[in-house]
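K.L.:
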Amino acid sequence: MGPERLASLIEPWLAGDVPVYVAVSAGVRSLALDGRLPVGTRLPSERALAGVLGVNRTTVSAAYNVLRQESYLHSAHGAGSRISLPATPAQRPDAQAGEPAEVLDLTVAALPAPGQLPDAARAAAADLSAQLAGHGLHPFGLPALRAAVAHHLTGRGLETRAEQVLVISGVLQGWNLLLRALGRPGAPVLVEQPTYPAVLDAVRAHHLRPVPLPVTAAGWDRPAAGTTLAHLTPDGQNPTGLVAGEAARRRVLAGLRGAVVAVDETFADLVLDGPAPPPAAVLRRDVVTLGSMNKAFWAGLRIGWVRAEPGLLARLAQERASVDLGSPVLDQLVAVRLLHDADVILAERRDHLRRSRAALERALRARLPDWRWSSPKAGMALWVELPQPSATRIASAALELGLRITPGPRFTVDGTADRWLRLPFTVPAHQADFVAGLLAEASLRSAAPPDRDLHVSRWTA
1 MGPERLASLI EPWLAGDVPV YVAVSAGVRS LALDGRLPVG TRLPSERALA
51 GVLGVNRTTV SAAYNVLRQE SYLHSAHGAG SRISLPATPA QRPDAQAGEP
101 AEVLDLTVAA LPAPGQLPDA ARAAAADLSA QLAGHGLHPF GLPALRAAVA
151 HHLTGRGLET RAEQVLVISG VLQGWNLLLR ALGRPGAPVL VEQPTYPAVL
201 DAVRAHHLRP VPLPVTAAGW DRPAAGTTLA HLTPDGQNPT GLVAGEAARR
251 RVLAGLRGAV VAVDETFADL VLDGPAPPPA AVLRRDVVTL GSMNKAFWAG
301 LRIGWVRAEP GLLARLAQER ASVDLGSPVL DQLVAVRLLH DADVILAERR
351 DHLRRSRAAL ERALRARLPD WRWSSPKAGM ALWVELPQPS ATRIASAALE
401 LGLRITPGPR FTVDGTADRW LRLPFTVPAH QADFVAGLLA EASLRSAAPP
451 DRDLHVSRWT A
């Protein structure tokens, strides 16, 4: 952003009867909030902007200082000053008394909203008028969104019709609906080990029995026989970041002949290295595909889908009726607009994640050279192996320092993997060294014998 361009954008605020530094900070703040200055935009130097505005440099410095204090601007040596947005603290269901007042939460692997979201929301609000004559309930999803999802999946190589799409709030809801519709108390359900904790929680909540399918750096083990329902994440396995090649997909699917296989494609649009393999449903037509915009686009959107044959979708929609009657129409219209710009948005998201992944890996190598991991090919997190246990102790020590992380046992059926930590690289690149420093301090503290009970969060996103 050049100084002339920024000066022209904030000109309406400069016309008011307020000090210039107040007008400049108000203008930049408003432009950031409405998306005209996207997060990450580099502003001109204080000297350059002051020259264009015809004011003293200290005036612009005062404006930039206000924006920094309000978290609308972040400045780093050599990187200039860039637009940011103040984070809204989330109230967690598992917050403990006595926790630090400010905690950097790395149990949630999610990115801020893309810069295109404000424009998409404004366009969706205009689209809403065409929906107001109806009752607004669409149990299978808004037709426009079902068509947009079908087009998106077809573009990835999985030919899809709108009637094969059920719009839901996210992959987790789709998985819960499948368990409700197809599960029987006590029946075995195949899940990867390690896997996303909410997958395990859902299986147990439905009184089913999780059976682990080991996943290591070498890939997926061959599934054991006897399972009627399975959950797989070949496109950016959570938490390892592995991507299964076509041969591995065929081998695992062949071992699950006769089972209903739910393939979770949460990170399918966030493959960071190499070409994305064909979707599993291309290799086996009866695969149930669970997809979502909540990781690749924005977690606050809460839009996902199930791709399956219409008969199964009808059964899932009936199960859903006891939970909710459909997704909000306005949110679905926003999703339509975002999917229309998916190529641009997703390319930006992947570039951002590659940079933040590289920054966190560099910082960890410098601060904790004996920690090991395989650089993830997809997703948003590192799966880090410690030289010795205990990840649970390190997580407890980190929380005391103001950093919340999830230890390995939360990702396993049997509470093992206490030599492992999941570390999302969703923090901005400039915070990577700070995070690594906290982890190094937590590692040192954890070496001492614990003097209190350890609390392991069951809330991980």
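Numbering (this note's numbering), first residue to last: 1 to 461.
Virtual Cβ for every residue (Gly too), placed ideally from N, Cα, C.
(1) Going by alpha carbons, who is nearest to V260 out of L31, L229, L368, V149?
(2) Strictly by DSSP, which residues pair up with E192?
(3) Check R372 in the structure and name its three-state DSSP category.
(4) Which residues in the same chain as P277 place their Cβ atom closer than 6 angstroms to its Cβ, once the five residues preceding and following it in sequence are excluded?
(5) Quick one: using the 10 Å Cβ neighbour count with 16 as the cut-off for buried, is N56 buried or exposed?
(6) With 16 as the cutoff for other CB atoms within 10 Å, does R36 come out buried or exposed?
(7) Which whole runs of the beta strand (DSSP E) in the segment 390-430 are 3 residues long or more, in chain order?
(8) Spell out a yes or no on whether the segment 351-367 and the segment 131-145 are touching, meaning 3 or more CB-CB pairs, one atom from each, closer than 8 angstroms.
(9) Classify I303 as helix, strand or coil using the three-state DSSP reduction.
(10) Specify the secondary structure class of I83 as computed by DSSP and reduced to three states.
(11) Helix or strand or just coil, what does DSSP make of E319?
(12) Rounded to a whole number of angstroms, what is the C-alpha to C-alpha distance between R5 and L364?
(13) For A79, does the count of other Cβ atoms within 10 angstroms reach 16, so buried, or fall short, so exposed?
(14) For L31, which option in Y72, A148, G51 has the closest C-alpha, if you only look at C-alpha atoms?
(15) Excluding the five sequence neighbours on either side, which residues of its own chain have a C-beta within less than 6 angstroms of the C-beta of S61, listed in chain order?
(16) How long is the line joining the alpha carbons of G300 and F411, rounded to whole angstroms?
(17) Have a look at R362 and N238 and give me their C-alpha separation to the nearest angstrom.
(18) Check this for me: beta carbons of L213 and Q193, under 8 angstroms apart or not?
(19) On the DSSP letters alone, give me the boundaries of the beta strand (DSSP E) that I168 sits inside.
(20) According to the Cβ coordinates, are W298 and V149 closer than 8 angstroms?
(21) Who are the Cβ neighbours of D341 in its own chain at under 6 angstroms, not counting the five residues just before and after it?
(22) Enumerated in chain order, which unbroken segments of the alpha helix (DSSP H) with a length of 4 residues or greater are wholly contained in the segment 31-77?
(23) Pull up the distance between the alpha-carbon of R422 and that of W13, whole angstroms please.
(24) Is it the case that the Cβ atoms of A109 and P428 are separated by a distance below 8 angstroms?
(25) Of the choices A440, M293, L242, Q431, whose alpha-carbon is the least far from that of G219?
(26) Roughly how many angstroms separate the alpha carbons of Q164 and E265, rounded to a whole number?
(27) Looking only at its chain, what residues have a beta carbon closer than 7 angstroms to the beta carbon of D453, apart from the 5 residues adjacent to it on each side?
(28) What do you reckon, are the CB atoms on R337 and A63 nearer than 8 angstroms?
(29) Count the other CB atoms, across all protein chains shown, that sit within 10 Å of the CB of R222; report buried if there are 16 or more and exposed otherwise.
(30) Between A113, L67, H207, A225, which has its C-alpha nearest R349's C-alpha?
(31) Suppose you measure from the CA of A359 to the CA of A268; what does that come to, to the nearest Å?
(32) Compute the beta-carbon to beta-carbon distance between V263 and A248, rounded to the nearest angstrom, for a pair I have assumed lies under 8 angstroms.
(33) Who are the Cβ neighbours of P387 in its own chain at under 6 angstroms, not counting the five residues just before and after it?
(34) State the Cα-Cα distance for the pair G258 and R284, rounded to the nearest angstrom.
(35) Taking 7 angstroms as the cut-off, is the beta-carbon of G408 closer than that to any non-hydrogen atom of the ligand ATP?
(36) Quick one: residues in its chain with C-beta nearer than 8 angstroms to the C-beta of K377, no 5 flanking neighbours on either side, listed in chain order?
P.N.:
Concretely, from the data shown:
(1) Nearest of L31, L229, L368, V149 to V260, Cα basis: L229.
(2) Partner(s): L213.
(3) Under the three-state reduction of DSSP, R372 is assigned to strand.
(4) Contacts found: G245, E246.
(5) Exposed, since its Cβ has fewer than 16 Cβ neighbours within 10 Å.
(6) Counting the other Cβ atoms within 10 Å of the Cβ of R36 gives fewer than 16, which makes it exposed.
(7) As far as the segment 390-430 is concerned, its whole beta strand (DSSP E) runs of at least 3 residues are 420-424.
(8) Contact check between the segment 351-367 and the segment 131-145: fewer than three CB pairs, one atom from each, fall below 8 angstroms, which does not count as touching.
(9) In the structure shown, the three-state DSSP call for I303 is coil.
(10) Here I83 sits in strand by DSSP.
(11) Three-state DSSP puts E319 in a helix.
(12) Straight through space, the alpha carbons of L364 and R5 are spaced by roughly 39 angstroms.
(13) If you draw a 10 Å sphere on the C-beta of A79, you find fewer than 16 other C-beta atoms in it, and that means exposed.
(14) Ranking Y72, A148, G51 by Cα distance to L31 puts Y72 first.
(15) Closer than 6 angstroms at the Cβ level, and outside the excluded window around S61, lie E46.
(16) Linking G300 to F411 through their CA atoms gives a straight-line distance of about 24 angstroms.
(17) In a straight line, the C-alpha of R362 is about 22 angstroms away from that of N238.
(18) The beta carbons of L213 and Q193 sit closer together than 8 angstroms.
(19) Boundaries of the beta strand (DSSP E) harbouring I168: 165-168, taken from the DSSP string.
(20) Result no, Cβ atoms of W298 and V149 do not sit closer than 8 angstroms.
(21) So the list reads Q116, once near-sequence residues are dropped.
(22) Complete alpha helix (DSSP H) runs here, min 4: 46-53, 57-69.
(23) Per the coordinates, the alpha-carbon of R422 lies some 45 angstroms from the alpha-carbon of W13.
(24) No, these two residues do not count as a Cβ contact at 8 angstroms.
(25) Checked all of A440, M293, L242, Q431; the closest Cα to G219 is L242.
(26) Going from the Cα of Q164 to the Cα of E265 covers about 16 angstroms.
(27) Any reading at D453 must be qualified, since the residue scores a pLDDT of 48, below 50, and its modelled position is unreliable; the value itself is stated next. Apart from the 5 residues on each side of it in sequence, D453 has no Cβ closer than 7 angstroms to any other Cβ in its chain.
(28) Here R337 is not near A63, since their CB atoms are 8 angstroms or more apart.
(29) The residue in question, R222, is exposed, as its Cβ has fewer than 16 Cβ neighbours within 10 Å.
(30) Of the listed residues, the one whose Cα sits closest to R349 is A113.
(31) Distance between the alpha carbons of A359 and A268 is about 23 angstroms.
(32) No, V263 and A248 are not in contact; Cβ-Cβ is about 13 angstroms, not under 8 angstroms.
(33) For P387, where only same-chain residues beyond five positions count, the Cβ hits under 6 angstroms are D370.
(34) Going by the C-alpha atoms only, they are around 12 angstroms apart.
(35) This structure lacks the ligand ATP, and indeed carries no ligand of any kind.
(36) Same-chain partners within the cutoff: G236, G241, L242, V243, V271, L272, D273, G274.
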